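Q:
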Ligand SMILES: NC(=O)c1ccc[n+]([C@@H]2O[C@H](COP(=O)([O-])OP(=O)(O)OC[C@H]3O[C@@H](n4cnc5c(N)ncnc54)[C@H](OP(=O)(O)O)[C@@H]3O)[C@@H](O)[C@H]2O)c1
């Protein structure tokens, strides 16, 4: 079997187009342009690339985006104070933190400080907790991208065996909650999982996000499974995902490539979330 290669760029283009149309409609209704601020601390080459892609996507969708930049040795207190100011600034409709951030700053504290209604990334414990109890408000962009890809491919998640190889706050934990909300059977693997292959080889759907290039080989995959590769690793010969694409595509039913799979859909889903935070702000009584 040769897998269908799912084109993330095409899915993303569709979302971006719909978002731009809705932004245009809401701008003419409220006479307010969506305005998003990203907090960036220190320098990081992958962050720069991601920021550029997102800024570009915002521009095309009619969303204003700006950065608040701090040096790598800025204090946690200073960042918390800035978040506070952005929370109460009526002209700002969404706030993001660009990760990674320096180790002396607690990501949990920053995520908790962002007002839930302006929380574009959906990492605030209020939004996370709401998702956990099945009341999904703003959900993190990468899990949302994975769901969007599955929806696009018309996969009914009810009763599916799904294995996620990642248990971070950004990917695995919120994604597990979203799958449980849709009545899938979910296993979550991480570095202490005794035998990852034993889990993935029985899965109908595998979501992998370890950042280890080529980690998922064909023997990790059941015939006809849907393999979604979230991992991104920069190596000497370019960008790679977790999946050994050439061998796995001969066994899987559907597969997302890297690049051109989950990445562009994540950027598009971040626009969708910006639209939500904007609406939260302008439609507030
Ligand atoms: N495409 C996109 O839009 C997008 C968005 C976000 C992230 N990413 C990519 O996704 C990857 C993960 O991102 P992240 O922020 O979640 O990073 P992270 O916190 O480092 O997560 C890596 C996860 O993989 C697990 N892991 C590592 N080695 C493993 C092994 N040998 N066996 C089983 N599990 C293993 C880790 O387990 P432990 O926690 O137990 O160490 C952890 O849960 C990165 O490559 C990142 O660049 C892509």
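Residue numbers (this note's numbering): 21 to 305. The beta-carbon is built from N, C-alpha and C at its ideal position, and this holds for glycine as well. In this text the structure is predicted, and so the values were computed from the model without any measurement.
1. What separation, rounded to the nearest whole angstrom, lies between the Cα atoms of residue 170 and residue 177?
2. Return yes when the C-beta of residue 172 is under 7 Å from any heavy atom of ligand 1, and no when it is not.
3. Would you kindly check if the distance between the Cβ of residue 23 and the Cβ of residue 269 is under 8 Å?
4. Hey, quick one: how far does the alpha helix (DSSP H) through residue 219 stretch, first residue to last?
5. Grouping DSSP H, G and I as helix and E and B as strand, with all else coil, what is residue 172?
6. Please report the straight-line C-alpha distance between residue 56 and residue 211, rounded to a whole angstrom.
7. Would you mind giving the Cβ-Cβ distance between residue 263 and residue 236, rounded to the nearest angstrom? I have them listed as a contact below 8 Å.
8. For a test of your reading of the model: does the CB of residue 210 fall under 7 Å from any non-hydrogen atom of ligand 1? Yes or no.
9. Could you work out which residue in 168, 221 and 175 is closest to residue 204 when comparing CA atoms only?
10. Let me know the secondary structure DSSP gives residue 183 once reduced to three states.
11. Under the assumption that residue 139 contacts residue 297 (Cβ atoms under 8 Å), give the Cβ distance between them as a whole number of angstroms.
12. Count the other CB atoms within 10 Å of the CB of residue 290; is the residue buried (16 or more) or exposed (fewer)?
13. Whole angstroms is fine: what's the gap from residue 300's alpha carbon to residue 267's?
14. Are the beta-carbon atoms belonging to residue 200 and residue 42 less than 8 Å from one another?
15. Between which two residues does the beta strand (DSSP E) harbouring residue 31 extend?
16. What ranges does the beta strand (DSSP E) occupy inside the region 65 to 103, keeping only unbroken runs of at least 3 residues that lie completely in it?
17. For the beta strand (DSSP E) holding residue 249, just list the boundary residues, first then last.
18. Please classify residue 69 as buried or exposed, where buried requires at least 16 other C-beta atoms within 10 Å of its C-beta.
19. Can you grab the Cα-Cα spacing for the pair residue 251 / residue 106, in whole Å?
20. Which residue from 181, 183, 283 and 196 puts its Cα closest to that of residue 149?
21. Would you mind sorting residue 74 into buried or exposed? The rule is 16 or more other CB atoms within 10 Å of its CB.
22. Please go through the same chain and pick out, in chain order, the residues whose beta-carbon is closer than 6 Å to the beta-carbon of residue 137, but skip the five residues on each side of it.
A: Working from what's here:
1. 8 Å
2. no
3. yes
4. 216 to 220
5. helix
6. 36 Å
7. 5 Å
8. yes
9. 175
10. strand
11. 7 Å
12. buried
13. 45 Å
14. no
15. Segment 28 to 50 is the alpha helix (DSSP H) holding residue 31; no beta strand (DSSP E) there.
16. 84 to 90
17. 246 to 249
18. exposed
19. 32 Å
20. 196
21. buried
22. 300
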